[in-house]
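Peer 1: Protein sequence lines, in the order shown, are assigned to chains A and B.
Take the position in the first sequence, starting the count at 1, then add 2; the result is the number in the working numbering.
Take the position in the second sequence, starting the count at 1, then add 120; the result is the number in the working numbering.
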Amino acid sequence: MARIREREEYLTDRDRLRIKFCVERGKVARIDLVQYEAEIQGRWWPIVRYDMAHGYLHRDVMKPDGTVAEKQVIPYEDLGEALTLARDELRRQWLFYRRQFEEWMK
Amino acid sequence: MTVTREEMFERNLELTIQRLLREIEAPEAYEWIPENARVINLPKDDPALLRANLELAVKLSQEDDNRPIVLIPDPGVEVPWQVLGSIVAGKRIVSIESTLSGSGFELILEDGSRLMLIAVSPRDGVEKDKPPLICVGVQKPST
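1) Please tell me whether residue 30 of chain A and residue 144 of chain B are closer than 8 Å, where the distance is taken between their beta carbons.
2) Does any C-beta atom of chain A lie closer than 8 Å to the C-beta of residue 157 of chain B?
3) Between the beta-carbon of residue 92 of chain A and the beta-carbon of residue 58 of chain A, is there less than 8 Å?
4) Is DSSP giving residue 107 of chain A helix, strand or coil here?
5) Pull up the distance between the alpha-carbon of residue 209 of chain B and that of residue 82 of chain A, whole angstroms please.
6) In the DSSP assignment, what are the bridge partners of residue 40 of chain A?
7) Can you tell me whether residue 128 of chain B is buried or exposed, with buried defined as 16 or more other CB within 10 angstroms of its CB?
8) Short check: CB of residue 153 of chain B to CB of residue 9 of chain A, under 8 Å?
9) Does the pairing of the stretch 47-61 of chain A with the stretch 165-176 of chain B give three or more beta-carbon distances under 8 Å?
10) Can you give me the Cβ contacts of residue 202 of chain B inside the same chain, cut-off strictly under 8 Å, excluding the 5 residues immediately before and after it?
11) Please classify residue 4 of chain A as buried or exposed, where buried requires at least 16 neighbouring CB atoms within 10 angstroms.
12) One question on the structure: do residue 48 of chain A and residue 64 of chain A come within less than 8 Å of each other, judged by their Cβ atoms?
13) Beta strand (DSSP E) containing residue 71 of chain A: first to last residue?
14) When DSSP labels each residue in this structure, what does residue 144 of chain B get in the three-state scheme?
15) Which residues in the same chain have their Cβ closer than 6 Å to the Cβ of residue 70 of chain A, if we skip the five residues on either side of it in sequence?
16) With a CB to CB cut of under 6 Å and the five nearest residues on each side skipped, what residues in its chain are close to residue 74 of chain A?
17) Does any CB atom of chain B fall closer than 8 Å to the CB of residue 50 of chain A?
18) For residue 90 of chain A, which three-state DSSP category applies?
19) Tell me which residues of the stretch 122-138 of chain B have at least one Cβ-Cβ distance to chain A shorter than 8 Å, keeping chain order.
20) Using a cut-off of 9 Å between C-beta atoms, extract the partners of residue 147 of chain B located in chain A.
21) Please state whether the Cβ-Cβ distance between residue 178 of chain B and residue 157 of chain B is less than 8 Å.
22) What number of angstroms, rounded off, separates the C-alpha of residue 72 of chain A from the C-alpha of residue 230 of chain B?
23) Using 8 Å as the limit for Cβ to Cβ distance, is residue 179 of chain B near chain A?
24) Nearest to residue 194 of chain B by CA position, among B:124, B:121, B:184 and B:139, is which residue?
25) Does DSSP classify residue 137 of chain B as helix, strand or coil?
26) Could you tell me if residue 17 of chain A is buried or exposed, where buried requires 16 or more neighbouring beta carbons within 10 angstroms of its beta carbon?
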């Protein structure tokens with residue numbers, strides 16, 4: 003039986019990852035979501051969303067109105083590689099994404 | 121020694137992804153993590169980040185949010201209760217009490233908030249050399 007697991011991974015008091023994945027027959031079958039969320043003006047906002055459906059890593063850069071500002075599709079071999087790709091991209095760009103989002107809120 | 125917010129983000133990002141990679145390999149080892157938990161890392165060999173993360177745990181415990189907070193030590197980390205207590209003492213600990221069930225401890229902080237620490241013992245399907253896992257629940261001070 004498939005089971006969806008979801009949690010928040012705190013990186014700082016104003017930055018976190020929302021993780022959602024599916025466990026089936028004792029194995030992680032897929033990762034549905036790795037979402038970088040930031041607390042801005044007292045509210046948590048999705049800033050960048052990675053999902054790993056259909057064999058591709060989809061990266062959506064989110065806008066304050068909930069629409070997607072930018073979409074990118076990155077091929078990956080396995081779940082581990084998808085996670086490390088998301089990590090590498092976030093490590094390079096998280097501050098840029100956050101500041102860009104704050105600019106859009108003005 | 122302190123960590124900047126940028127350093128805290130990047131080091132915790134690495135710890136989180138490394139743990140998720142381990143979880144992909146052995147999801148049963150992390151089944152105990154409650155659904156919708158708020159997870160904080162307890163790093164190895166990084167006392168400044170350990171302190172910052174425990175302060176973050178205290179801060180989250182004071183929010184109006186009843187979802188469990190889970191502290192997960194990095195592999196190889198032994199987290200003595202005394203050390204954990206003294207670091208949490210950034211908020212002074214008034215007392216430490218056993219929980220009613222006897223399975224853990226509650227740290228009572230000076231502002232009246234309580235951090236409930238429950239050591240989760242290795243169970244079937246979890247390797248004995250894995251670090252102890254610590255689940256932190258929160259009780260709000262009564263007003």
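Beta carbons are placed, not taken as given, at the ideal position from N, Cα and C, and that holds for glycine.
Note that this is a predicted model, so its numbers are computed, not measured.
Peer 2: In brief:
1) Stepping through the first sequence from its first residue, residue 30 of chain A is reached at position 28. Stepping through the second sequence from its first residue, residue 144 of chain B is reached at position 24. Yes, Cβ-Cβ distance for residue 30 of chain A and residue 144 of chain B is below 8 Å.
2) Your numbering for residue 157 of chain B matches position 37 in the second sequence. Yes - at least one Cβ of chain A is within 8 Å of the one on residue 157 of chain B.
3) One-based indexing of the first sequence puts residue 92 of chain A at position 90. One-based indexing of the first sequence puts residue 58 of chain A at position 56. No, these two residues do not count as a Cβ contact at 8 Å.
4) As a first step, residue 107 of chain A is located in the first sequence; it is residue number 105 there, counting from the start. Of the three classes helix, strand and coil, the one that applies to residue 107 of chain A here is helix, per DSSP.
5) Taking the second sequence and counting its residues from 1, one reaches residue 209 of chain B at position 89. Taking the first sequence and counting its residues from 1, one reaches residue 82 of chain A at position 80. The predicted model places residue 209 of chain B with a pLDDT of 38, which falls under 50 and marks its position as unreliable, so this point remains unresolved.
6) Counting from 1 along the first sequence, the entry for residue 40 of chain A is found at position 38. BP columns for residue 40 of chain A point to A:17 and A:47.
7) Numbered from 1 along the second sequence, position 8 holds the residue referred to as residue 128 of chain B. With 16 or more other Cβ atoms within 10 Å, it is buried.
8) What you label residue 153 of chain B is simply residue 33 of the second sequence in a count that begins at 1. What you label residue 9 of chain A is simply residue 7 of the first sequence in a count that begins at 1. Their beta carbons are under 8 Å apart, which means residue 153 of chain B touches residue 9 of chain A by this criterion.
9) no
10) For the purposes of this step, residue 202 of chain B is taken as residue 82 along the second sequence, with counting starting at 1. At residue 202 of chain B, the pLDDT of 44 sits below 50, so the modelled position is not reliable; the number obtained from the coordinates is stated separately. For residue 202 of chain B, where only same-chain residues beyond five positions count, there are no Cβ hits under 8 Å.
11) Working through the first sequence from its first residue, we reach residue 4 of chain A at position 2. Under this definition residue 4 of chain A is an exposed residue.
12) If you number the first sequence from 1, residue 48 of chain A lands on position 46. If you number the first sequence from 1, residue 64 of chain A lands on position 62. Taking 8 Å as the Cβ cut-off, residue 48 of chain A and residue 64 of chain A qualify as a contacting pair.
13) Stepping through the first sequence from its first residue, residue 71 of chain A is reached at position 69. Segment 70-77, the beta strand (DSSP E) holding residue 71 of chain A.
14) Taking the second sequence and counting its residues from 1, one reaches residue 144 of chain B at position 24. Residue 144 of chain B falls in the helix class under three-state DSSP.
15) The sequence position of residue 70 of chain A within the first sequence is 68, counting from 1. 62.
16) Taking the first residue of the first sequence as position 1, residue 74 of chain A is located at position 72. Within the same chain, residue 74 of chain A has close Cβ partners 61.
17) For the purposes of this step, residue 50 of chain A is taken as residue 48 along the first sequence, with counting starting at 1. Not one chain B Cβ lies under 8 Å of residue 50 of chain A.
18) As a working mapping, residue 90 of chain A is identified with position 88 in the first sequence. Helix.
19) 125, 126, 128, 129, 130, 132, 133, 134, 136 and 137
20) Counted from its first residue, the second sequence places residue 147 of chain B at position 27. Near residue 147 of chain B (Cβ distances below 9 Å), the residues of chain A are 7, 23, 25, 28, 29 and 30.
21) For the purposes of this step, residue 178 of chain B is taken as the residue at position 58 of the second sequence. For the purposes of this step, residue 157 of chain B is taken as the residue at position 37 of the second sequence. Not closer than 8 Å, so no.
22) Numbered from 1 along the first sequence, position 70 holds the residue referred to as residue 72 of chain A. Numbered from 1 along the second sequence, position 110 holds the residue referred to as residue 230 of chain B. In a straight line, the C-alpha of residue 72 of chain A is about 47 Å away from that of residue 230 of chain B.
23) Here the question's residue 179 of chain B lines up with position 59 in the second sequence. With 8 Å as the cut-off, residue 179 of chain B counts as an interface residue toward chain A.
24) For the purposes of this step, residue 194 of chain B is taken as residue 74 along the second sequence, with counting starting at 1. When only C-alpha atoms are compared, the closest one is B:139.
25) Along the second sequence, one-based indexing puts residue 137 of chain B at 17. The answer is helix: DSSP assigns residue 137 of chain B an H, G or I state.
26) In the first sequence, residue 17 of chain A corresponds to position 15, counting from 1. Classification for residue 17 of chain A: buried.
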